[in-house]
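Letter by letter, the sequence shown follows residues -14 to 265 in our numbering.
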Amino acid sequence: MLSVRTFLILFAAASASASDAVGSDEFSNKVNLALRQTGDALLLFDGDSTSAIPPIEQNGANEYVIRMNTGFDYTELPFFLEKAFADYGIDQPYEVMVRSCETGFLVLGFNKAAYERDTVACKDRGGDPSCSSIHVQFSPQESKENRSLASLAWLLIPAVGLGGMFLFRKKETHPTEVLVEEGMKLGNYRFNAKNQKLSIGEQEFYLTFRESKLLNHFAVHANEVLNRDDIMAAVWEDEGIVVGRSLDVFISRLRKILKSDGSVSIRTVHGVGYRLEIQN
């Protein structure tokens, strides 16, 4: 039975969500902090702990710009940016354009959907010594969660008026593969699937969501032969995406990352799939 108190809580949450919509002061403050966090992470990744981060510029209600006066690794930008947005609860769709300060030419461009599919174009081109400006353009709409919550609150008005005769059940979910524990050893590597990080000695690798999910699957089944179809089902199919050659691309990426330790390797088992070999 839905009580009036429960309804009021839901309705208040929906109203509060509207204050975080694109263009609001609250949203702008969050973006400002998230972009500064992104700039700091990019500088620290390149070993720069002294350069100042210029103030975030805002062009209109939906576009924000951070200027990077020193070069940074474009490969890491999508991950650091998405992580910062997640830290500040920003889930609105966005587009990113990285432009040269000198020429204004577009150097790199991607959007939130491309990041989630792990199909960011030119991502692996490496660093650029020149000054660049990172432009982030948000779509003027609320997040899916906020819209759903607001819609639910309005739909519940009749339920409250009728004395709360509707019964709501939590959507049933299926368990996903458990992430490996923090600091799991893979040869001489330490793998933290939750934080999408792989480290060896002083060297750290920040993985994309898909790279981390794939390595996690291998780690859980270390030294086992894994069928290609089973790998794709575990890493992609639960999200409604089935890939073919993309698997080989991600295997190639992980092999490059793992080449620092000869005791860890991803072997091809012809006609079957792959095996993560760890020699202890």
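Beta carbons are placed, not taken as given, at the ideal position from N, Cα and C, and that holds for glycine.
Residues of its chain near residue i, where Cβ-Cβ distance is below 6 angstroms and the 5 sequence neighbours each way are ignored
i: LEU243; result: VAL249
i: GLN22; result: ALA69
i: ASN173; result: ILE185, ASP246
i: GLU80; result: ASN96, GLN122
i: LYS198; result: VAL220
Backbone CA spacing between residue i and residue j [nearest angstrom]
i: ASP103; j: GLU67; result: 12 angstroms
i: ASP215; j: HIS255; result: 15 angstroms
i: GLU87; j: LYS15; result: 29 angstroms
i: THR193; j: GLU101; result: 9 angstroms
i: TYR259; j: ARG252; result: 6 angstroms
i: GLY247; j: GLN264; result: 9 angstroms
i: PRO39; j: VAL257; result: 52 angstroms
i: PRO143; j: GLN77; result: Confidence at PRO143 is low in this model, with a pLDDT of 49, below 50, so its placement is unreliable and the value that follows should be read with caution. The straight-line gap from Cα to Cα measures roughly 30 angstroms.
i: ARG175; j: GLY45; result: 44 angstroms
i: PHE203; j: GLN43; result: 43 angstroms
i: ILE236; j: ILE119; result: 30 angstroms
i: GLU187; j: MET169; result: 16 angstroms
i: ALA219; j: VAL210; result: 14 angstroms
i: VAL234; j: MET217; result: 13 angstroms
i: TRP221; j: SER13; result: 34 angstroms
Beta-carbon contacts of residue i that lie in its chain and below 7 angstroms, excluding the five residues immediately before and after
i: VAL105; result: PRO63, PHE95, ALA99
i: VAL92; result: VAL83, ARG84, SER85, ASP113, SER117
i: GLY24; result: ILE38, ILE51, MET53
Closest by C-alpha distance to residue i, when choosing among the options
i: VAL205; options: ALA178, LYS182, ALA26, GLY56; result: ALA178
i: GLU11; options: MET82, ARG21, GLY74, GLU196; result: GLY74
i: ASP33; options: LEU18, SER13, ASN208, THR55; result: THR55
i: ILE51; options: LEU261, SER36, VAL83; result: VAL83
i: ASP72; options: SER85, ASN180, SER124, PHE57; result: ASN180
i: ASP273; options: ASN47, ILE41, LEU239, MET53; result: With the chain running from -14 to 265 in the structure shown, residue 273 is simply not present.
i: PHE90; options: TYR79, CYS116, PHE65, LEU183; result: CYS116
Residue i and residue j closer than 8 angstroms at C-beta
i: LEU20; j: TYR49; result: yes
i: LEU27; j: GLU61; result: yes
i: ASN208; j: LEU261; result: yes
i: ASN201; j: PHE123; result: no
i: GLU196; j: LEU239; result: yes
Residue-level contact to chain C via CB, residue i, 8 angstroms cutoff
i: LEU93; result: In the structure shown, chain C cannot be found, because there is only a single protein chain.
Contacting residues, own chain, Cβ-Cβ under 8 angstroms from residue i (five flanking each side not counted)
i: LYS156; result: Low confidence applies to LYS156: its pLDDT is 35, below 50, so where it sits in the model is not reliable enough to give any reading.
Item checked: Complete runs of the beta strand (DSSP E) confined to the stretch 180 to 230 [at least 3 residues] -> Taking only runs of at least 3 residues, the beta strand (DSSP E) segments lying wholly in the stretch 180 to 230 are 182 to 185, 188 to 191, 210 to 212.
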